[in-house]
Amino acid sequence: MVKQLLFVFLCISSLSIYSQKEANVWYFGNKAGIDFNGTPIALTNGALNTEEGCSTISDEDGNLLFYSDGIKVWTKNHELMRYSNGQLANNLQGNPSSSQSGLIVPAPENKNIYYIFTVGTDYIPNNAGYPRNPGFNFYTIDITKGNGGEIIAGPINLSNNRDWGWSEKVTAVQGKDCTEIWVLSIVEDTFYAYKIDQNGVDHLNPVISKSSYILQDKRGYLKVSPDGTKVALADFTAGQNTGNGRLVLYDFDNVTGKITSSGEILTTPSVDGVPYGVEFSPQSSKLYASLFIPPFTFSILQFDLLDKDVAQTKAQIWRGSGYRGALQLASDGKIYSSIPDKSYLGAIENPDESAKNVTYKPVAIDLGRGRTSQGLPPFIQSFFAPVKLLNADSNAVLSNTNQVFCIGDSYEIVPEINNPNDSYTWSKDGTVIANTRTLTVDNANFGSGLYEVKIESNSYCKKTYTGKVQVTFEPKPTINTIQPYIQCDFDSNPYDGFAAFNLELLEASLVDDFSNISIDFFETSDSNFSSPLNKNNYTNSVAKNHSITVKVTNNTTNCYQTQVIDLQVNPTGLNIYSDEHISELDQNASNANAKFSIGTGNGFFDFSIKTQQIINNSGGALSQTTHDFQYYRTVEDASLQTNQILPPYEDHLFTNNSDVYVRISNKGTTSCETVGNFKILVEKLPIPQGNLNEEILCVDNPKRTPQPHSIALNADTGNTTDTYKWYLNGNLILNETSAIYNANSAGEYKVEAYRKYPNINTPSMGYNTFFVKESNQALIVNIKSVDDQDNPDSNKIEITVDGIGDYEYALNSTNFGDFVKGDENLTYTFTNIPPGLNFISVRDRNGCGVVSSDQISTIYFQRHFTPNGDGHFDTWKVLGVDNDYYDVVKVQIFNRFGKLISEITDKNHPGWDGVYNGTTLPTNDYWYKAELINKNGEVRKKTGHFSLIRK
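So this is what it looks like as structure tokens:
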């Protein structure tokens, strides 16, 4: 059976295929020329010297017939052709400054008749005698007359009375078949297409199509794609500035001659420059444009015509120094570029390739003494359309590709042209092998090589066509034979004969080398391989025993091999195994600085223990030598053998009451023998109580040895069977295993709680931490008092204590709210002390108690008094002595002359009122002499003066 061809599009220009040799000789520029009959060589015998437009034509064997610049016509002997009246053909209606001044087109069914189509321009170089834009015209040449041809008719005007506005653009392409040719040109926004057939040029009935794009200038090239489906124009506007000229792409119908789209703009002048030359690739898959970017840059862009958005495929192929120049496809499959005043042409070597793979050579052909100008000779674009070679089964196009065929399959190759009167000659690597239209090949019958067909047309066109295809036979992938894939049926209906299969698991057994292949599975009924199966989760479509097809494809060659695989479903049901208990993990296990355990709520299980347990309970039926034991979290995973639980098991964590499924298979196969289920139960960590805040241990002041005081640290977990270990500063405290520990020293206490679970061999452990800090009540070591200051604010008491607590101080109070913390822990100074008895209390902020000082006496000898009855200093006395601290108070008051005028001997005396013997004494200074004796017998004496002030 002939297989459908599988091919990879690896286009290479050396395999391009062309139908005729009429485009094999070029004359252009300043006496430049190229002969493409064989390896391209420079021609230096041409008479043509033109700035832009030119055209050349050869016969079907590649022999030069004549050439023209649109004004003059030279024969193959490089002599001027003549009109039928004998005049020299040196005044045609073209112009050397017209982009496509002349285009030569052969009559479709008469090998002796040719037409020259000319387009003029507004520019008259060097005041030459060329007509000022005569528009679009054509001439008829009979090559059998004269000495190499004769102009027998013309000019015939095709401009429809629009000569003045006509552009410099003209192109041609074959029509519906070889009997028709369309010649196209454009004026402003209107295309004119003229049909040429056996009746000649139908100049009275042009096909007119409107364009949404209006030409901004007359300059630039116009081309049709070789397959006759696209038209591209370059609107060249550069002069003093870039202008607004664009590259525009249209759809074309080569049957009707109509432009069938309004035009897609592909370039932006400010970004890309202005286009001048245009050309299509041989397969009509790519469009190229040459652009000029002032002041002196030449650029080539590519567009992919197979993309839905052609404009966005724009890619720069080359950029360099130069002025505007043409692009032209040649019979060798390359697109040549002309930059003015060079001795060479550049070339796009492989124009049907994607932009990233295109090779451009700036210097591709040496022109010898010839020099380039802006133009290159255009031809009927159909000259470059390859004869397509097809797959007879699928009509897939094979030609112009490096075609890969598969060893073991046979193929039928046919040319696209099919006329029963034509003759066909097939050759392989230059040796004739067949004379039939259809060629059947396989690896044994002809094999790899370059296949060529020559078609001699015996129909009305009488032409010769050729086609080529390079064929390489490649081997198909090898598929290993495997045993049936047996699946356990342990779903909700274990006896229905249907189960889920993971076909992907078979791939490692099916092939030995996975590089550059793809593997797909199909129902055996799917002979076209149109619906690949879900390889990760496939349920057999036939109960119990079923077969499917595997297809292994080489991704480079697309050659594939197939094999049938048997599937089998066993009604096994689900075994129930004993549950497993694990201890939950400690979230802080890896944190060396952690002070307590945090249960994660999950843990891991060593499944090798379960495997051994199952083996031990199998009565010798199972072993790790004969069976594989695979563990999964879900029924679906166990069935499809996905997401297997693999070592290291520490990476697989389970929460309480998690299901686990074990799949037991014969060693090294996918054949399922049984599936079982058990649960994993996660036991909680025994986390003891702790206190990261400091626990205070109050000790004596001074501290005694041994230290008799302690504080109870309660770590009770609430489980009476738990045991404990206690550590002080990292050292184990021996023989302390209860929940409560009485700590009698400061430090960091760690407690570990241990709990034994019936189904776990190793006790679970959690830990916590207590911090114990020692403190004590303050010991007062010194009190310093300063009183009787002129400024009462300077009266102060300074207290100094000793201890390890955190102390705060209060004056004449033990209320917590009255205590204040000073800058220094062991000393504090109170100021603005009131006269009388005072005391200071010291409180340990850690709670180890309050201590108060003895009473501290503060006195004040008044510096003045004002006996005016306002209640303030109405008498003079010593303040702060009216208490139990003093036993004796004796104060004598004198006037300035030393006369005793009053005496106070009672500590509760209200004070002297400024009266002496009933006489009110005047404002003045008075003196005193005082003697105070406290209850301890300590005597305090003072002499001073004060003021009596009358107001």
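When the letters of the sequence shown are read in order and numbered with numbering that gives the first Met the number 0, they come out as residues 0 to 950. Yeah, the Cβ is synthetic: ideal placement off N, Cα and C, and Gly gets one too.
(Q) For Asp234 and Ser289, I'd like the C-alpha separation in whole angstroms. (A) Looking at the two C-alpha atoms, the distance is approximately 11 Å.
Q: Could you tell me the distance, in whole angstroms, from the CA atom of Val223 to the CA atom of Tyr191?
A: Taking the straight line from one Cα to the other gives about 13 Å.
**Q.** Cα-Cα separation between Thr669 and Ile485, rounded to whole angstroms
**A.** Rounded to whole angstroms, Thr669 to Ile485 spans 7 Å at the Cα level.
Q.
Please classify Gly52 as buried or exposed, where buried requires at least 16 other C-beta atoms within 10 Å of its C-beta.
A. With 16 or more Cβ atoms within 10 Å of its Cβ, Gly52 is classed as buried.
Q.
According to DSSP, simplified to helix, strand and coil, what is Val890?
A. It is a strand residue.
Q. Among Val661, Gln586 and Ser657, which residue has its Cα nearest to the Cα of Lys609?
A. Considering only alpha carbons, the answer is Val661.
Q: Mind the definition here: the stretch 686 to 694 touches the stretch 782 to 798 only if three or more C-beta pairs lie below 8 Å; say whether that holds.
A: Touching, no.
Q. Based on Cα-Cα distance, which residue from Ser617, Lys941, Asn718 and Gly369 lies nearest to Ser737?
A. Per the Cα distances, Asn718.
Q: Can you have a look at Pro107 and say buried or exposed, based on whether 16 or more other CB atoms are within 10 angstroms of its CB?
A: Of the other Cβ atoms in all chains shown, 16 or more fall within 10 Å of the Cβ of Pro107; this residue is therefore buried.
Q.
For Asp176 and Val510, what's the separation of their Cα atoms in angstroms?
A. Spanning the alpha carbons of Asp176 and Val510 requires a straight line of approximately 51 Å.
Q. Does DSSP put Asn356 in a helix, a strand or coil?
A. Assigned with DSSP and collapsed to three states, Asn356 falls in helix.
Q | Asn655 versus Ile679 - alpha carbon distance | A | So the alpha carbons of these two residues sit roughly 6 Å apart.
Q: Would you mind listing the alpha helix (DSSP H) stretches within the stretch 619 to 687 that are 4+ residues and don't spill past its ends, in chain order?
A: Listed in chain order, the complete alpha helix (DSSP H) runs (minimum 4 residues) inside the stretch 619 to 687 are 634 to 639.
Q. If you pair each beta-carbon of the stretch 828 to 839 with each one of the stretch 887 to 902, do three or more pairs fall below 8 Å?
A. The stretch 828 to 839 makes no contact with the stretch 887 to 902, as fewer than three CB pairs between them are under 8 Å.
Q: Within its chain, find whatever has a CB closer than 7 Å to the CB of Pro921; leave out the 5 residues flanking it on each side and keep chain order.
A: Arg949.
Q.
Quick test of your reading: Val468 and Tyr423, contact by CB under 8 Å. State the CB separation rounded to the nearest angstrom.
A. Between Val468 and Tyr423, the beta carbon gap of about 14 Å keeps them out of contact (Cβ cut-off 8 Å).
Q) What is the DSSP secondary structure of Gln562, reduced to helix, strand or coil? A) Residue state, collapsed to three classes: strand.
Q | Per DSSP, the bridge partner or partners of His944 | A | DSSP, once it has assigned bridges, lists Trp926 as partnering His944.
**Q.** Distance between Gln380 and His202 (C-alpha atoms, nearest Å)
**A.** Approximately 21 Å, taken between the alpha carbons.
Q: In the DSSP assignment, find the unbroken alpha helix (DSSP H) run with Ile614 in it and report its ends.
A: Counting along the chain, Ile614 sits inside the alpha helix (DSSP H) bounded by residues Phe606 to Asn615.
Q.
Tell me which residue opens and which closes the beta strand (DSSP E) that Asp303 is part of.
A. Asp303 -> beta strand (DSSP E) spans Thr296 to Asp303.
Q | Validate contact between the stretch 642 to 655 and the stretch 612 to 628 using beta carbons, cut 8 Å, 3 pairs | A | With the cut-off at 8 Å, the stretch 642 to 655 and the stretch 612 to 628 do not touch.
Q. For Lys906 versus Tyr927, is the C-beta distance shorter than 8 Å?
A. Their beta carbons are not under 8 Å apart, which means Lys906 does not touch Tyr927 by this criterion.
Q. Excluding sequence positions up to five away, which residues of its chain have a Cβ less than 7 Å from the Cβ of Leu87?
A. Within the same chain, Leu87 has close Cβ partners Leu79 and Arg81.
Q | Every unbroken alpha helix (DSSP H) within the stretch 238 to 291, with a cutoff of 4 residues, ordered by chain | A | Listed in chain order, they are 268 to 271.
Q) For Leu931, which three-state DSSP category applies? A) In the structure shown, Leu931 sits in a strand (DSSP, three-state: E or B).
Q) For Glu50, does the three-state DSSP call read helix, strand or coil? A) Coil at Glu50, not helix or strand.
**Q.** Per DSSP, the bridge partner or partners of Lys30
**A.** Its beta-bridge partners do not exist; DSSP assigns none.
**Q.** Within the stretch 839 to 886, ranges of the beta strand (DSSP E) (whole runs, at least 3 residues)
**A.** Considered as a whole, the stretch 839 to 886 harbours 839 to 843, 849 to 851 and 855 to 857 as its complete beta strand (DSSP E) runs of no fewer than 3 residues, in chain order.
Q: For the stretch 75 to 105, list the beta strand (DSSP E) runs that are entirely contained and at least 3 residues long, ordered along the chain.
A: If only complete runs of 3 or more residues are kept, the stretch 75 to 105 shows the beta strand (DSSP E) at 101 to 105, in order along the chain.
Q. Rounded C-beta distance between Leu183 and Thr170? I'm assuming under 8 Å.
A. Confirmed, Cβ separation roughly 5 Å.
Q.
For Ser57, tell me which candidate among Lys257, Asn84 and Phe378 has the shortest Cα-Cα distance.
A. Comparing Cα positions, the closest option is Phe378.
(Q) Quick check: the stretch 634 to 651 against the stretch 538 to 551, are at least 3 beta-carbon pairs closer than 8 Å? (A) Between the stretch 538 to 551 and the stretch 634 to 651 there are fewer than three inter-stretch CB-CB distances shorter than 8 Å, so the stretches are not counted as touching.
Q) To the nearest angstrom, how far is it from the Cα of Ile732 to the Cα of Ser744? A) Rounded to the nearest angstrom, the two C-alpha atoms are 13 Å apart.
Q.
Output needed for Ser946: all residues of its chain with C-beta closer than 6 Å, excluding positions within five of it in sequence on either side, in chain order.
A. Here the set comprises His863 and Asp924.
Q | Bounding residues of the alpha helix (DSSP H) (the contiguous stretch that carries Leu509) | A | Start and end: Glu506 to Leu509.
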